[in-house]
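Here the structure comes first, spelled out in structure tokens, and everything after it is commentary.
Protein chains: 2
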Amino acid sequence: MKAVLLLSGGLDSATCLLIARAEGFDVLALSFDYGQRHAVEIDRARALAARYGAREHRVVRLDFPGRGASALTDASIPVPAHGSSAEAIPTTYVPARNTLFLAHALAWAEVNGASDIFIGANALDYSGYPDCRPEFLEAFERTANLATKAGVEGRAAFRIRAPLLAMTKAQIVRQAVSLGLDFALTSSCYEPGPSGEPCGICESCFLREKGFREAGVSDPIRAKS
Amino acid sequence: MKAVLLLSGGLDSATCLLIARAEGFDVLALSFDYGQRHAVEIDRARALAARYGAREHRVVRLDFPGRGASALTDASIPVPAHGSSAEAIPTTYVPARNTLFLAHALAWAEVNGASDIFIGANALDYSGYPDCRPEFLEAFERTANLATKAGVEGRAAFRIRAPLLAMTKAQIVRQAVSLGLDFALTSSCYEPGPSGEPCGICESCFLREKGFREAGVSDPIRAKS
Chain P
1 MKAVLLLSGG LDSATCLLIA RAEGFDVLAL SFDYGQRHAV EIDRARALAA RYGAREHRVV
61 RLDFPGRGAS ALTDASIPVP AHGSSAEAIP TTYVPARNTL FLAHALAWAE VNGASDIFIG
121 ANALDYSGYP DCRPEFLEAF ERTANLATKA GVEGRAAFRI RAPLLAMTKA QIVRQAVSLG
181 LDFALTSSCY EPGPSGEPCG ICESCFLREK GFREAGVSDP IRAKS
Chain F
226 MKAVLLLSGG LDSATCLLIA RAEGFDVLAL SFDYGQRHAV EIDRARALAA RYGAREHRVV
286 RLDFPGRGAS ALTDASIPVP AHGSSAEAIP TTYVPARNTL FLAHALAWAE VNGASDIFIG
346 ANALDYSGYP DCRPEFLEAF ERTANLATKA GVEGRAAFRI RAPLLAMTKA QIVRQAVSLG
406 LDFALTSSCY EPGPSGEPCG ICESCFLREK GFREAGVSDP IRAKS
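As you go down the protein sequences, you meet chains P and F in turn.
Under the numbering used here, the first residue of the first sequence carries the number 1, and numbering increases by one thereafter.
Under the numbering used here, the first residue of the second sequence carries the number 226, and numbering increases by one thereafter.
In structure tokens, the structure reads:
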């Protein structure tokens, strides 16, 4: 029983990996080099895939038309500090990112006869990205089943699995603890230092710290403050 | 008024390009190098984009998980002759191809403030690919508007435009004639010779020849038989 899993190297996708493994899936992990400034996460993804027994790990280089439009992929746009943006969707939004990631996952799933596609999307303690919301994931799932030979012929009914969707960050931390995740292998920061140390001020650092604090767990990679 | 247009270099996407230009769009043309054996189509796409005034033409190299699963991208799988396959969806099907192409188009459209995305999909004289059908295109359009900042904020309601969807190949040929398309610039064959000459036996050659014959138009690139 195979599943394709989007593995960014962050806390959420790492927890997702452990959930998929606990459910008994052979995991085909998929990461992307899309010009993100936090490229350290790709190394973390490699380490996570190896440690937690992914059957295969593929890093796809994405020649990506939206690269020049996000603080995550254009070094000239500063990464905003948590709380500094009045916009509902911040400048770290990357155009069509999850649509692209899921399209790649779908192709790989079909080739491998996998029906389940795991994504660590979360719509509670998240940055407000539209492509993390349940209505987007449902629409993509429907598209996937209309798009593919396997979907149309009924050999595979593709399921977009987002087990963290309705969890708080604290619940995700607790779930990760219960599954034995080594948090030191993960990276969440949007603008980490050269050795991967978190900045401690971006939205992603804020959400991670809030999660650990509320879960009463200490984070081994927490920035000194 | 900008539109992103998927330009394969074939008859359908070339006709689509002329339709978009006739509607007054500044066209951002998008082609893919995804390992297709008929890579000559990329050169044709370049020539078409230049001749018909695309504002920009981008050729994206796609590191594509489904490459080993189609007669179009794996040289060890023969391209079937027209009529030789009993399957509704032939071996030339490429997993999730149009989902990937449209996802890239969506990202580029959002970055450029374009709302219209043109695709030369046809669901009448076609090869039976599921991702050419209207229900797929509608599902993708819905997904696109849920996935993106522009869609959610209502700055752009993305529209997937498939003006050839319900045309016969003969109608497409007539439409192309009326818009002044130079057919010699297009390539439709799945397995062309080294100079781009069509094989004359694949499904795509068959559909093209049928279209020209029924339209009463002579095809300048027709294979000698």
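No residue lacks a Cβ here, since even glycine has one placed at the ideal position from N, Cα and C.
Is the Cβ-Cβ distance between PHE32(P) and LEU62(P) less than 7 Å?
yes
With 7 Å as the threshold, decide whether the Cβ of GLY235(F) is near any Cβ in chain P.
No, GLY235(F) lies away from the interface with chain P (no Cβ there is under 7 Å from its Cβ).
Three CB pairs or more closer than 8 Å across the segment 9-19 of chain P and the segment 116-126 of chain P
yes
Taking THR373(F) as the query, report the chain P residues whose CB atoms sit under 7 Å from its CB, ordered along the chain.
PRO95, ALA96, PRO130
Would you verify that the beta carbon of SER450(F) is, or is not, closer than 7 Å to some beta carbon of chain P?
Any reading at SER450(F) is ruled out, since the residue's pLDDT is 47, under 50, leaving its predicted position unreliable.
Answer yes or no: does any C-beta atom of chain F fall closer than 7 Å to that of PHE140(P)?
yes
Using the DSSP secondary-structure output, state which residues sit across from SER31(P) in a beta bridge.
VAL59(P)
Please state the DSSP three-state secondary structure of ILE267(F).
helix
Alpha carbon of SER450(F) to alpha carbon of ALA274(F), nearest angstrom
Bear in mind that a pLDDT of 47 at SER450(F), under 50, signals an unreliable position, so the model cannot answer this.
Which residue wins for smallest C-alpha separation from HIS104(P), given the options LEU331(F), ASP350(F), THR324(F)?
Residue THR324(F) is the option with its Cα nearest to HIS104(P).
Taking only runs that begin and end inside the segment 83-170 of chain P, name each unbroken beta strand (DSSP E) of 3 or more residues, in chain order.
If only uninterrupted beta strand (DSSP E) runs of at least 3 residues are considered, those enclosed by the segment 83-170 of chain P are 116-118, 159-161.
Within 7 Å of any Cβ in chain P, is that where the Cβ of GLU434(F) sits?
no
Per DSSP, which one or two residues make a beta bridge with VAL4(P)?
LEU28(P), ILE117(P)
When you check each C-beta in the segment 94-118 of chain P against every C-beta of chain F, which residues fall closer than 7 Å?
PRO95, ALA96, ASN98, THR99, LEU100, ALA103, HIS104, LEU106, ALA107, TRP108, GLU110, VAL111
Which chain P residues sit within Cβ distance under 7 Å of PHE289(F)?
ALA107
If LEU331(F) and ALA96(P) are in contact, beta carbons under 8 Å, what's the gap, nearest whole angstrom?
The pair is a contact, with the Cβ atoms about 5 Å apart (cut-off 8 Å).
Would you please verify whether the beta carbon of VAL59(P) is less than 7 Å from any beta carbon of chain F?
For VAL59(P), the answer is no, since every Cβ of chain F falls outside 7 Å of its Cβ.
Rounded to a whole number of angstroms, what is the C-alpha to C-alpha distance between CYS424(F) and VAL284(F)?
Straight-line spacing of the CA atoms in CYS424(F) and VAL284(F) works out to 25 Å.
Who pairs with ALA306(F) in a beta bridge, going by DSSP?
CYS427(F)
Examine the Cβ distances between the segment 179-187 of chain P and the segment 35-48 of chain P and report whether three or more of them are shorter than 8 Å.
Taking a cut-off of 8 Å for Cβ pairs, the segment 179-187 of chain P and the segment 35-48 of chain P touch, as three or more such pairs fall below it.
Return yes when the Cβ of VAL319(F) is within less than 7 Å of the Cβ of PRO417(F), no when it is not.
No, these two residues do not count as a Cβ contact at 7 Å.
Out of ALA54(P), SER218(P), GLU23(P), ASP74(P), state which residue places its alpha-carbon closest to the alpha-carbon of LEU30(P).
If we check each option's Cα against that of LEU30(P), ALA54(P) comes out closest.
Mind checking whether THR143(P) and PHE365(F) have CB atoms under 7 Å apart?
yes
What residues from the segment 293-306 of chain F come within 8 Å of chain P, judged by C-beta to C-beta, listed N to C?
The segment 293-306 of chain F vs chain P, Cβ under 8 Å: GLY293, ALA294.
Have a look at VAL173(P) and GLU360(F) and give me their C-alpha separation to the nearest angstrom.
40 Å
What residues in its chain sit with their C-beta under 8 Å from that of SER443(F), if we drop five residues either side in the sequence?
PHE437
Interface flag, THR316(F) vs chain P, CB-CB below 7 Å:
In terms of beta-carbon proximity, THR316(F) stays away from the interface with chain P, with every pair separated by 7 Å or more.
Within 7 Å of any Cβ in chain F, is that where the Cβ of PHE136(P) sits?
yes
Host alpha helix (DSSP H) of CYS241(F) (start-end)
236-247
Name the chain P residues that come within less than 8 Å of VAL377(F), Cβ to Cβ?
Going along chain P in sequence order, the residues near VAL377(F) (Cβ under 8 Å) are ILE89, PRO130.
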